[in-house]
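Here the sequence shown is numbered in the numbering used here, starting from 3 and rising by one per residue.
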Amino acid sequence: MVEGEAVEVDGRRRTLTVVRPEVVAEGAAVVLVLHGSNQDGRIVRRFAGYGFDAFAERGGAVVAYLDGHRGNWNEARARSDFAARREGFDDVAFAGAVVDLLVSEHRVDPARVHAVGYSAGGSMVIRLAHEIGPRLAGIGLVAATLPVPGELLPFDGPVVPLPVVLFHGTRDRLVPYDGGVTSLWGFRPRGLGLSARETAAYFAGRNGITAAPESHDLGSSAGDRTAVERTDHRQDGRPTVTLYTVHGGGHVVPGPGRPLFVMGRPTRGLVAARALGEAFGLPA
3 MVEGEAVEVD GRRRTLTVVR PEVVAEGAAV VLVLHGSNQD GRIVRRFAGY
53 GFDAFAERGG AVVAYLDGHR GNWNEARARS DFAARREGFD DVAFAGAVVD
103 LLVSEHRVDP ARVHAVGYSA GGSMVIRLAH EIGPRLAGIG LVAATLPVPG
153 ELLPFDGPVV PLPVVLFHGT RDRLVPYDGG VTSLWGFRPR GLGLSARETA
203 AYFAGRNGIT AAPESHDLGS SAGDRTAVER TDHRQDGRPT VTLYTVHGGG
253 HVVPGPGRPL FVMGRPTRGL VAARALGEAF GLPA
């Protein structure tokens with residue numbers, strides 16, 4: 003089932019799209035999906051080829067696609083100038099209110115909440131991990147990297163080890179894989195970001211992982227002009243951090259979506275939802 007919902011946060015009406023099974027089992031998991039710049043929940047759902055809906059269809063989870071204010075978020079980058087920042091929208095409270103709504107309406111398990119963000123939505127998920135980490139069971143970042151030191155908003159939340167899965171194309175022209183200025187094809191710069199590998203290493207450090215990462219080539223599918231490399235930061239007793247590098251890939255969500263060609267090359271050799279489901283223990 004697909005339903006429109008709304009919650010009130012600081013006197014403001016905030017909206018979302020909920021995808022769920024006909025009957026939600028008590029204790030079901032939750033997946034929050036946060037869209038990229040100039041999108042909303044419906045757009046990113048379609049942009050990702052409805053791949054994240056599989057958590058509801060196959061795993062019985064409740065998937066909530068949140069709508070940012072005027073297409074954006076009050077996210078982790080200190081140099082962000084989106085309206086959500088300028089107008090003081092509390093998107094951390096919004097995410098928390100959505101979880102509370104789903105717990106109340108569907109009796110989902112508040113200890114099984116996962117957050118996935120694409121592009122600017124990934125930056126918002128980074129903020130959630132720093133501010134409300136105890137409320138999350140894992141995070142996914144798609145085409146998003148951590149700001150460089152000094153450009154990450156200051157946070158005072160507890161350091162909570164979390165499973166983290168990252169996806170990034172080496173030919174991403176908006177959020178460079180190797181780090182640097184994030185922008186809209188060179189316009190409206192939005193600050194400096196670390197590389198995808200440095201971002202993965204940062205979260206591994208937060209998880210207390212000191213072992214060297216291990217990488218292996220997953221190859222490519224027939225007719226696919228990209229190749230996928232998986233890098234795992236693992237250590238006994240610590241949540242794993244996994245980076246999927248899409249060699250030749252663009253600023254896209256890996257999987258069945260059909261992004262515009264200006265976003266760069268998609269990949270069929272990797273489905274983000276399935277990889278996230280493996281990490282989070284959710285069939286997809």
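Cβ atoms here follow ideal geometry from the backbone N, Cα and C, with glycine treated the same way.
If you draw a straight line from the alpha carbon of residue i to that of residue j, how long is it in whole angstroms?
i, j, result
"Arg109", "Glu28", "5 Å"
"Arg232", "Val150", "23 Å"
"Phe54", "Ile128", "19 Å"
"Asp238", "Tyr246", "21 Å"
"His218", "Met265", "26 Å"
"Val35", "Gln41", "12 Å"
"Glu107", "Thr228", "42 Å"
"Ala277", "Arg15", "33 Å"
"Glu280", "Gly90", "36 Å"
"Asp234", "Gly142", "14 Å"
"Glu153", "Arg79", "6 Å"
"Gly221", "Gly271", "8 Å"
"Leu262", "Asp226", "17 Å"
"Asp102", "Ser197", "34 Å"
"Asn209", "Pro136", "13 Å"
"Val255", "Phe157", "28 Å"
Could you work out which residue in the options is closest to residue i when comparing CA atoms only?
i, options, result
"Gly259", "Gly250, Ala274, Ala85, His132", "Ala274"
"Arg267", "Asp174, Ala214, Asp93, Phe84", "Asp174"
"Gly2", "Ala86, Val32, Asp42, Gly171", "Residue 2 is absent from the structure shown; the chain starts at 3 and stops at 286."
"Arg44", "Asp102, Gly182, Phe57, Val65", "Val65"
"Val169", "Ala214, Val183, Gly257", "Looking at the sequence shown, residue 169 is not Val but Phe. Of Ala214, Val183, Gly257, the residue nearest in Cα terms is Gly257."
"Pro23", "Ala213, Gly13, Glu5, His37", "Glu5"
"Ala122", "Thr269, Arg47, Trp75, Asp102", "Trp75"
"Gly140", "Pro112, Asp158, Leu155", "Pro112"
"Phe282", "Pro261, Gly159, Gly181, Pro241", "Pro241"
"Asp83", "Leu155, Gly119, Gly51, Thr19", "Leu155"
"Glu216", "Pro160, Asn209, Ala202", "Ala202"
"Ala146", "Val25, Tyr120, Gly207, Gly135", "Tyr120"
"Pro178", "Pro160, Glu200, Glu77, Gly159", "Glu200"
"Ala30", "Val183, Leu104, Tyr67", "Leu104"
"Val25", "Phe157, Gly13, Met3", "Met3"
Under the DSSP definition of a beta bridge, which residues are partnered with residue i?
i, result
"Asn74", "His71"
"Pro149", "Gly195"
"Thr228", "According to DSSP, Thr228 bridges with nothing at all."
"His253", "None; His253 has no bridge partner."
"Arg79", "Leu154"
Residues in the same chain with beta-carbon distance under 8 Å from residue i, minus the five sequence neighbours each way, listed in chain order, please.
i, result
"Leu138", "Val115, His116, Ala117, Leu130, Ala131, Val162, Leu164"
"Ala213", "His235, Arg236, Gln237"
"Gly252", "Gly171, Arg173, Asp174, Arg175, Pro261, Met265, Gly266, Arg267, Pro268"
"Arg47", "Thr19, Val21, Val35, Phe54, Asp55, Tyr67"
"Ile134", "Val94, Ala97, Gly98, Gly159"
"Gly51", "Val255, Gly257, Pro258, Gly259, Arg260"
Assuming the contact rule is C-beta atoms closer than 8 Å, residue i and residue j should be a hit. Round their C-beta distance to whole Å, please.
i, j, result
"Val166", "Val248", "That pair is no contact at about 17 Å."
"Val100", "Val9", "6 Å"
"Val73", "Ser125", "The residue you asked about is not Val; residue 73 is Gly in the sequence shown. Actually they do not touch by this definition, with Cβ atoms about 14 Å apart."
"Arg60", "Pro285", "4 Å"
"Tyr195", "Gly207", "Checking the sequence shown, residue 195 turns out to be Gly, not Tyr. The Cβ separation is near 17 Å, so there is no contact."
Once you ignore the five residues that flank residue i on each side, which residues in its own chain have a CB closer than 6 Å to its CB?
i, result
"Thr17", "Ala8, Asp69"
"Phe205", "Val166, Val243"
"Phe49", "Gly259"
By Cβ distance below 7 Å, which residues in the same chain neighbour residue i in space, the five residues on each side in sequence not counted?
i, result
"Ala58", "Val21, Arg22, Pro23, Val64, Val65"
"Val11", "Asp92, Ala95, Phe96, Ala99"
"Arg81", "Glu153, Arg192, Gly193"
"Leu186", "Leu176"
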